[in-house]
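In the working numbering, the protein residues as written are 1348 to 1502. Even glycine gets a Cβ: it sits at the ideal position worked out from N, Cα and C. Here's the structure, in structure tokens; my notes come after.
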């Protein structure tokens, strides 16, 4: 190794040393408390339940209910799906998604004539601060719950 190469290596070592000191020095808050660094994606937990009835007020069993997250008009994420029970009830517990606070509840009649013929429908649902059941911190933005009852039309 020639003298110039050794000289360049020493300068690089000095520069790395000073950059490391500057970097560590910038990792403190104004009151000298250490900052907590987190890596990840913001998330929330959505919970929802309700009853789906027909126009006559009777509950409807065996309907597919899908919860979708909405991020923009071109992207809809399928978060979870379930079926209504014999009393027309559905329930989603702690479905994890991005914190958009806007979801679409899709209801689909998938069993043909067995429980009647109903039109498929989509219902927009917006979660707000009044729906918070658990506050979050860091990347976790909290848990939200909403009760959504739906009346669906016959075909």
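Alpha-carbon to alpha-carbon, residue j and residue i
| i | j | result |
| --- | --- | --- |
| residue 1396 | residue 1390 | 20 Å |
| residue 1476 | residue 1401 | 31 Å |
| residue 1436 | residue 1413 | 13 Å |
| residue 1486 | residue 1424 | 19 Å |
| residue 1349 | residue 1363 | 22 Å |
| residue 1449 | residue 1432 | 25 Å |
Any non-hydrogen atom of the ligand FMN closer than 7 Å to residue i Cβ
| i | result |
| --- | --- |
| residue 1393 | Absence of the ligand FMN from the depicted structure is noted, as is the absence of any ligand whatsoever, leaving it without description. |
Residue i in three-state terms, based on DSSP
| i | result |
| --- | --- |
| residue 1475 | coil |
| residue 1360 | helix |
| residue 1409 | coil |
| residue 1351 | helix |
Beta strand (DSSP E) segment containing residue i, residue limits
| i | result |
| --- | --- |
| residue 1444 | 1436 to 1444 |
| residue 1455 | 1449 to 1456 |
| residue 1501 | Per DSSP, residue 1501 belongs to no beta strand (DSSP E) and is neither H nor E. |
| residue 1431 | Run containing residue 1431: none; DSSP gives neither H nor E here. |
| residue 1494 | 1487 to 1494 |
| residue 1401 | 1390 to 1401 |
Cβ neighbours of residue i in the same chain (closer than 8 Å, five flanking residues each side left out)
| i | result |
| --- | --- |
| residue 1388 | 1445, 1486 |
| residue 1472 | 1395, 1449, 1450, 1451, 1452, 1493, 1495 |
| residue 1467 | 1453, 1454, 1455, 1456 |
Chain-order list of residues whose beta-carbon lies under 7 Å from that of residue i (same chain, five-residue window excluded)
| i | result |
| --- | --- |
| residue 1481 | 1489, 1490 |
Beta-carbon contacts of residue i that lie in its chain and below 6 Å, excluding the five residues immediately before and after
| i | result |
| --- | --- |
| residue 1458 | 1409 |
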